[in-house]
Amino acid sequence: MHDLIGDRTLRDLLDERTARTPEKTYLVYEDAEGTITEFSYLDFSRRVDELAAGLAALGVGKGDRVTIHLRNSPEVLEAWFALATLGAVFVPSNVANTAGEIQHVVSYSGSVAVITQPLFADVVARAVAECPTVRHTLMARTDTAPEGTLLLDDQRLAGATPPDNGVGPDDVVEMIFTSGTTARPKGVLLTHANALHSGERSSRALLLDSSERCLTSLPVFHVNAQSLTVLSSLTVGGTAIVLEEYRATKFWDQVRAHKATQISLVAMQARTLLAQPPRDTDDQHDVRRVFYALNITTDERDSFEKRYGVELVNGYGLSEAMTLVTVAPVFGPKRWPSIGVPLHDRVVKLVDAEGNEVPRGEVGEIVVQGRPGRTLMLGYHNDPEATARTLVDGWLHTGDNAYVDEKGYFYFFDRGKDMIKRAGENVSTVEVESVLLDHPEIVEAAVIGVVDPIRDEAVKAFVALAAGSTLTVEAIQEHCATRLARFKVPTIVEIRDELPKTSIGKIEKKLLRGQG
């Protein structure tokens with residue numbers, strides 16, 4: 024069976040675009056201090072070759088996993104494409120991760136190397152000390168390597184040609200971690216074909232062409248920035264603009280300076296931009312379209328479009344589908360607050376608990392048809408049971424719920440009951456509950472999401488303490504902060520004598536949500 028990707032890989036796509044427009048700017052990077060660096064397609068391709076050859080000399084080969092714990096930077100993208108060139112696997116790590124969380128990423132993936140930067144040297148060192156598979160820790164964005172690490176730039180082999188490892192489209196190119204209904208994040212396996220399909224899908228959905236300058240401040244360790252900026256720009260031969268960090272106070276100045284034509288945001292960013300003092304230059308820019316994820320209110324949407332003079336386009340996607348599943352039509356009615364219609368290569372239906380398709384207007388689980396390893400993830404790393412539950416007879420079960428109207432437009436209803444969305448990050452309630460229950464004075468714990476006017480949802484924990492305990496809210500939060508990334512730590516903690524339970528002794532979260 025064949026599809027529009029053919030037998031091409033991520034490196035093939037880069038080579039095709041480099042051959043067509045070698046001197047055109049592919050990547051623009053602005054760091055936190057405002058220093059701007061640009062790379063042509065040829066520059067970027069050569070740097071990828073140098074790094075791939077150097078990593079191969081260190082023993083990184085086809086199928087090896089390498090964890091990347093870096094803020095947005097050229098090195099993140101170079102490492103991704105260098106590993107893809109070798110047939111190795113890019114394993115991005117959220118830079119908010121604690122040492123324990125980094126250790127999980129590295130050990131679970133079996134990474135043979137870690138690439139990081141001085142900002143994270145200490146936390147990565149603590150994590151890697153417990154990971155026997157790691158042979159090398161490489162330090163990027165510095166001229167001085169801490170003891171026991173190698174300088175990434177010293178490994179580049181100028182003028183070298185990386186080995187041909189016989190990489191194909193069905194080989195795994197990335198293992199991205201996603202929170203879900205388990206105590207620890209799972210590794211989603213994505214192939215070269217997944218990456219190429221994602222670029223095609225995103226660029227077609229937003230009608231991009233080679234003139235585009237797609238800007239993001241979202242982290243490249245998430246599929247949003249990968250798909251909607253890096254891959255979509257590469258697919259059409261455009262320019263990707265990556266900011267090291269997001270700052271609402273200077274964001275639109277950066278947009279204007281870089282002459283961006285497309286922007287990708289999460290709802291939290293849209294709200295913080297609206298909170299900035301109005302300026303006469305607010306609608307003076309080259310942006311044609313802003314894609315955003317997660318819900319905003321009608322007033323927020325109208326205010327944003329009027330103030331900034333742009334069209335907002337929303338959609339729905341997830342890592343297991345390599346991003347977009349539905350999107351609001353660029354042309355045609357948006358039917359707000361719809362999340363749009365399925366993309367050109369998507370077949371989507373809504374089903375009940377027994378797997379039967381529900382009638383129009385009724386809420387059901389979103390399931391997406393596709394081919395694992397091509398248009399859907401290959402599976403979860405070393406977790407055949409979770410893979411079998413999620414990929415059923417060619418359908419990806421998302422765990423999210425929606426309904427569809429008489430015109431075939433989808434409307435998001437709610438996400439899986441064990442998931443919280445906070446400022447674009449997924450938080451597993453099961454993971455947070457597990458950490459809470461690790462405390463010897465906490466005997467019961469339940470975590471839910473509650474409305475946050477800026478960050479979509481806040482993490483709220485209900486806990487019951489052991490008899491005689493004097494544990495405080497602050498101490499509970501400190502306990503969590505040592506084990507969880509900052510965005511996962513409960514911002515609200517309610518201590519109760521006991522938590523409500525069903526007749527069989529299960530904590531009744533439905534009641535807690537009603538009281539939350």
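For the sequence shown, the working numbering puts the final residue at 539, and the numbers step up evenly by one.
Glycine included, C-beta positions come from ideal geometry on N, C-alpha and C.
Please classify Lys-209: does DSSP put it in a helix, a strand, or coil? Counted from its first residue, the sequence shown places residue 209 at position 186. Looking at Lys-209 - three-state DSSP - the assignment turns out to be strand.
List the DSSP bridge partners of Val-374. The sequence position of residue 374 within the sequence shown is 351, counting from 1. DSSP output for Val-374 lists Glu-380, Glu-388 as bridge partner(s).
Skipping 5 residues on each side, what residues in its chain have a beta carbon closer than 6 Å to that of Arg-279? Looking up residue 279 in the sequence shown gives position 256. Within the same chain, Arg-279 has close Cβ partners His-308.
CA-to-CA distance, Gly-332 to Thr-17, given in whole angstroms: This structure cannot speak to residue 17, because the chain is shown only from 24 to 539.
Supposed contact pair His-159 and Ala-136 - C-beta distance, whole angstroms, cut 8 Å: The sequence position of residue 136 within the sequence shown is 113, counting from 1. The sequence position of residue 159 within the sequence shown is 136, counting from 1. The Cβ separation is near 4 Å, so the contact holds.
Determine which residues share a DSSP beta bridge with Asp-437 and list them. The residue given as residue 437 occupies position 414 in the sequence shown. Answer is Asn-424.
Go ahead and label Glu-380 buried or exposed: buried means 16 or more other beta carbons lie within 10 angstroms of its beta carbon, across all protein chains shown. Stepping through the sequence shown from its first residue, residue 380 is reached at position 357. Its Cβ having fewer than 16 others within 10 Å, Glu-380 is exposed.
Taking the C-alpha atoms as reference points, what is the distance between Glu-334 and Val-450? Reading the sequence shown from its first residue, position 311 is the one you call residue 334. Reading the sequence shown from its first residue, position 427 is the one you call residue 450. So the two alpha carbons sit approximately 30 Å from each other.
Would DSSP call Met-198 helix, strand or coil? Position 175 of the sequence shown, counting from 1, holds the residue named residue 198. Reduced to three states, the DSSP call for Met-198 is strand.
So Tyr-269 is in the alpha helix (DSSP H); what residue range does that whole segment cover? Stepping through the sequence shown from its first residue, residue 269 is reached at position 246. Run containing Tyr-269: none; DSSP gives neither H nor E here.
DSSP three-state assignment for His-502, whether helix, strand or coil: The sequence position of residue 502 within the sequence shown is 479, counting from 1. His-502 falls in the helix class under three-state DSSP.
One question on the structure: do Ser-233 and Ser-250 come within less than 7 Å of each other, judged by their Cβ atoms? Taking the first residue of the sequence shown as 1, we reach residue 233 at position 210. Taking the first residue of the sequence shown as 1, we reach residue 250 at position 227. In this structure, Ser-250 does not lie closer than 7 Å to Ser-233 by Cβ.
Got a sec, what are the start and stop residues for the alpha helix (DSSP H) Tyr-315 sits in? For the purposes of this step, residue 315 is taken as residue 292 along the sequence shown, with counting starting at 1. Unbroken run through Tyr-315 is the beta strand (DSSP E), 312–316; no alpha helix (DSSP H).
Contacting residues, own chain, Cβ-Cβ under 6 Å from His-25 (five flanking each side not counted): Reading the sequence shown from its first residue, position 2 is the one you call residue 25. Cβ within range, chain order: n/a, list empty.
Apply the 10 Å Cβ neighbour rule to Thr-410 and answer buried if 16 or more other Cβ atoms are within range, or exposed otherwise. Sequence index remark: in the sequence shown, residue 410 carries index 387 (1-based). Answer is buried; the Cβ neighbour count reaches 16.
Would you be able to state if there are at least three C-beta pairs under 8 Å between the segment 104–114 and the segment 168–175? no
With DSSP as the reference, identify every bridge partner of Asp-475, one or two as the case may be. Taking the sequence shown and counting its residues from 1, one reaches residue 475 at position 452. Asp-475 is bridged to Asp-479.
Under 7 Å between the Cβ atoms of Glu-267 and Asn-120? In the sequence shown, residue 267 corresponds to position 244, counting from 1. In the sequence shown, residue 120 corresponds to position 97, counting from 1. It is not a contact, given that the beta carbons lie outside the stated cut-off.
State yes or no: is the C-beta of Phe-314 within less than 7 Å of the C-beta of Ala-293? On the sequence shown, position 291 is the one that residue 314 refers to. On the sequence shown, position 270 is the one that residue 293 refers to. Not in contact: Phe-314 and Ala-293 (Cβ atoms no closer than 7 Å).
Check whether the segment 514–524 and the segment 492–505 touch, using three or more Cβ-Cβ pairs below 8 Å as the test. yes
Pair every Cβ in the segment 192–201 with every Cβ in the segment 438–447, then say whether three or more of these pairs are closer than 8 Å. no
Rounding to the nearest angstrom, what Cα-Cα distance links Asp-187 and Gly-363 in this structure? Here the question's residue 187 lines up with position 164 in the sequence shown. Here the question's residue 363 lines up with position 340 in the sequence shown. Rounded to whole angstroms, Asp-187 to Gly-363 spans 42 Å at the Cα level.
Beta-carbon within less than 7 Å of Leu-65's beta-carbon, same chain only, minus the 5 sequence neighbours each way: which residues are those? Along the sequence shown, one-based indexing puts residue 65 at 42. The residues are Thr-41, Pro-45, Glu-46.
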